[in-house]
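J.: Position in the sequence shown (first residue = 1) + 79 = the working numbering.
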Amino acid sequence: MSVIVEITIPSAAFELGQILRIEKPTEISLETMVPLGGKPTPFVRIRNDARETFERSVREHPSVNEIQLVNTHEDETLYALDWEPSDASLLRRILDLDAVLLGATGTADTWGLELRFPSHEALSAFQEFYLDEDIEVSIERIYNPTKPDAGPWFGLTPPQRETLADAVENGYYSLPRQISTKELADSFDISDQAVTERLRRGIATLVSNTLLLDKEKD
80 MSVIVEITIP SAAFELGQIL RIEKPTEISL ETMVPLGGKP TPFVRIRNDA
130 RETFERSVRE HPSVNEIQLV NTHEDETLYA LDWEPSDASL LRRILDLDAV
180 LLGATGTADT WGLELRFPSH EALSAFQEFY LDEDIEVSIE RIYNPTKPDA
230 GPWFGLTPPQ RETLADAVEN GYYSLPRQIS TKELADSFDI SDQAVTERLR
280 RGIATLVSNT LLLDKEKD
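(1) Could you tell me which whole alpha helix (DSSP H) segments of length 4 or greater appear in the segment 191 to 264?
(2) Please classify residue 121 as buried or exposed, where buried requires at least 16 other C-beta atoms within 10 Å of its C-beta.
(3) Would you tell me roughly how many angstroms separate the C-alpha atoms of residue 161 and residue 126, rounded to the nearest one?
(4) Who pairs with residue 298 in a beta bridge, going by DSSP?
(5) Output the distance between the C-alpha atoms of residue 107 and residue 257, rounded to the nearest integer angstrom.
(6) Buried or exposed, going by whether 16 or more other CB atoms sit within 10 Å of the CB of residue 277?
(7) Go through its chain and collect everything with a Cβ distance to residue 142's Cβ below 8 Å, but skip five positions before and after it.
(8) Can you tell me whether residue 263 is buried or exposed? The criterion is at least 16 other CB atoms within 10 Å of its CB, across all chains shown.
(9) Quick one: grab the DSSP three-state call for residue 267.
(10) Tell me whether residue 272 is buried or exposed, calling it buried when 16 or more other Cβ atoms sit within 10 Å of its Cβ.
(11) Just to confirm, are residue 182 and residue 193 a CB contact at a threshold of 8 Å?
(12) Kindly confirm or deny that the segment 143 to 158 and the segment 213 to 223 touch, where touching means at least three C-beta pairs closer than 8 Å.
(13) With a CB to CB cut of under 6 Å and the five nearest residues on each side skipped, what residues in its chain are close to residue 285?
(14) Does DSSP put residue 99 in a helix, a strand or coil?
(15) Could you check where the alpha helix (DSSP H) with residue 131 kicks off and where it finishes?
(16) Using the Cα positions of residue 159 and residue 123, report the straight-line distance between them to the nearest angstrom.
(17) Compute the Euclidean distance between the alpha carbons of residue 269 and residue 195, then round it to the nearest angstrom.
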């Protein structure tokens with residue numbers, strides 16, 4: 080079972096953070112990373128007002144072959160980065176564990192990364208690596224993705240999603256309860272029994288497609 084982890088890491092400890100140096104208060108985002116010619120190619124988005132100094136600093140980095148302008152839209156520019164990750168880098172270890180970098184956002188000081196590991200064992204190996212290398216990594220969140228066939232919204236139907244969201248927003252699950260089942264049902268022009276069934280089925284679907292995934296694997 081794959082696992083997704085969100086981490087925060089100092090820019091200086093992350094190879095792409097060293098390459099993609101920016102100044103405050105600029106923020107940079109990694110749109111995606113795809114294998115082109117056998118190596119990962121990140122697509123990087125940055126505000127236009129930071130382009131000149133950004134391009135110059137990136138081209139000066141010894142591991143960078145080229146940075147190519149892909150598109151400019153309104154006040155942002157998208158680049159493709161051709162570079163060689165070093166063998167001892169954090170990113171190389173991530174790739175060696177068959178993990179996928181789903182996205183990243185960086186500032187002058189820190190980067191937030193979203194990574195998908197093929198298993199909890201691979202994640203543990205990654206944790207051992209950065210602890211052994213004394214790299215400061217903060218784990219923000221760990222979770223399992225939904226079932227492949229769950230579809231959007233964790234498998235909820237549109238009525239279930241709308242009813243659950245409305246129930247939470249209006250305090251149906253608060254203590255004390257701030258809206259009754261009848262009031263919730265009236266807002267959807269359905270019966271008390273129907274709204275109760277939507278909530279019950281919606282919660283069951285959410286749990287089945289999130290919390291019970293590891294249990295099903297066992």
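Glycine included, each C-beta is placed from N, C-alpha and C at the ideal position.
T.: In short:
(1) 199 to 211, 237 to 248
(2) buried
(3) 20 Å
(4) Past the edges of the chain, shown from 80 to 297, lies residue 298, and the structure says nothing about it.
(5) When rounded, the distance between both Cα atoms is 42 Å.
(6) buried
(7) 94, 98, 162, 163, 164, 165
(8) buried
(9) helix
(10) Burial call: exposed.
(11) With a cutoff of 8 Å on beta-carbon distance, residue 182 and residue 193 are scored as near each other.
(12) no
(13) 233
(14) coil
(15) 130 to 138
(16) 6 Å
(17) 41 Å
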